[in-house]
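In full-length UniProt numbering, the protein residues as written are 1 to 233. Cβ atoms here follow ideal geometry from the backbone N, Cα and C, with glycine treated the same way.
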Amino acid sequence: MQETYTKRMRLKQWAEQDRPREKLLLNGRRLLSDAELIAILIGSGSKEETAVELSKRILSDVENNLSDLARLTLADLCNYKGIGEAKAIAIIAALELGRRRKENASVLKPQIESSEDAYQVLQSVYADLSHEEFWILLLNTNNRVIAKELISKGGSGVVAVDAKGVFQAVLQAKATGLILSHNHPSGSLRPSMADKQLTKKIVEGGKLLDVRVLDHLIISDEGYYSFLDHGDI
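See below:
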């Protein structure tokens, strides 16, 4: 009995208009699917599946949600056969560029008039993080943002912050106002005792330097908690 089989076609055997790179050249980037764009990033798949098929499988595992894809770690991506460190880094780098593009599209030097304004400025720096970070907004006398500064990185449940580092950034930027912030990857928006003590310490230090500490935001995927709005500052 003659054995029959179907041999999987590699991308080079596809019709030219069906290859992601050629499709982009012929039709423009907007006509490519998310899987085809990722396939261009990784270049090749494995013996079992093409780059497009591999990309579709990865997207399927995150329910075709690019935000969830951005939360995958290097190790997560490398678990897929056909994705090595270099390909995983290319995917992570591309998604980070997309995040930064969105961030840079915002209005330059926004003015902070409420906790919601501060949240909108800070939200993007905490996107997709699985660990805690502590950022500050440095403001001028009109409460316009001079800069955003990363003060400290921590683990999944805690971040250590040195008040000296906060005020060093304030003095270097010649800022007159300050908004503190950190994230809770767990999703909880309740401030800890350590959060309250740190806030009090920085507020008191700001008074000595004539620096206004306007607020402290705790940010998670669920939203934010404002110390000012809750009368904690």
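Residue i and residue j look like a contact to me (Cβ under 8 Å); what is the Cβ gap, rounded to whole Å?
| i | j | result |
| --- | --- | --- |
| residue 135 | residue 146 | Not confirmed; about 14 Å, so no contact. |
| residue 46 | residue 82 | 4 Å |
| residue 233 | residue 181 | Not confirmed; about 12 Å, so no contact. |
| residue 211 | residue 175 | 7 Å |
| residue 183 | residue 103 | Residue 183 to residue 103, Cβ: 16 Å. No contact. |
Should residue i be labelled buried (16 or more other beta-carbon atoms within 10 Å of its own) or exposed?
| i | result |
| --- | --- |
| residue 65 | exposed |
| residue 73 | exposed |
| residue 198 | buried |
| residue 141 | exposed |
| residue 1 | A caution first: residue 1 carries a pLDDT of 38, below 50, which makes its placement in the model unreliable, though a value can still be read off. Exposed. |
| residue 55 | buried |
| residue 23 | buried |
| residue 88 | buried |
| residue 16 | Because residue 16 sits at a pLDDT of 47, beneath the cut-off of 50, its placement in the model cannot be relied upon, and the following sentence gives the value as read from the coordinates. Residue 16 comes out exposed. |
| residue 217 | buried |
| residue 208 | exposed |
| residue 19 | buried |
| residue 206 | buried |
| residue 226 | buried |
What separation, rounded to the nearest whole angstrom, lies between the Cα atoms of residue i and residue j?
| i | j | result |
| --- | --- | --- |
| residue 92 | residue 185 | 19 Å |
| residue 178 | residue 94 | 32 Å |
| residue 68 | residue 62 | 6 Å |
| residue 28 | residue 143 | 43 Å |
| residue 234 | residue 138 | Given a span of 1 to 233 for the chain in the structure shown, any question on residue 234 remains unanswerable. |
| residue 229 | residue 115 | 7 Å |
| residue 123 | residue 213 | 19 Å |
| residue 25 | residue 71 | 30 Å |
| residue 118 | residue 161 | 20 Å |
| residue 222 | residue 126 | 12 Å |
Across which residues does DSSP place residue i in a beta bridge pair?
| i | result |
| --- | --- |
| residue 145 | 139 |
| residue 111 | 144 |
| residue 237 | Residue 237 lies beyond the stretch modelled for the chain, which goes from 1 to 233, so this question has no answer here. |
| residue 225 | 218 |
| residue 213 | 178 |
How far does the alpha helix (DSSP H) with residue i in it reach, from first residue to last?
| i | result |
| --- | --- |
| residue 181 | Looking at the DSSP string, residue 181 is not in any alpha helix (DSSP H); the run it does join, the beta strand (DSSP E), is 177-183. |
| residue 31 | Looking at the DSSP string, residue 31 is not in any alpha helix (DSSP H), and its letter there is neither H nor E. |
| residue 233 | That residue, residue 233, is in no alpha helix (DSSP H); it is neither H nor E in DSSP. |
Does residue i have its Cβ less than 8 Å from a Cβ in chain C?
| i | result |
| --- | --- |
| residue 206 | Looking for chain C here will not work: only one protein chain is present. |
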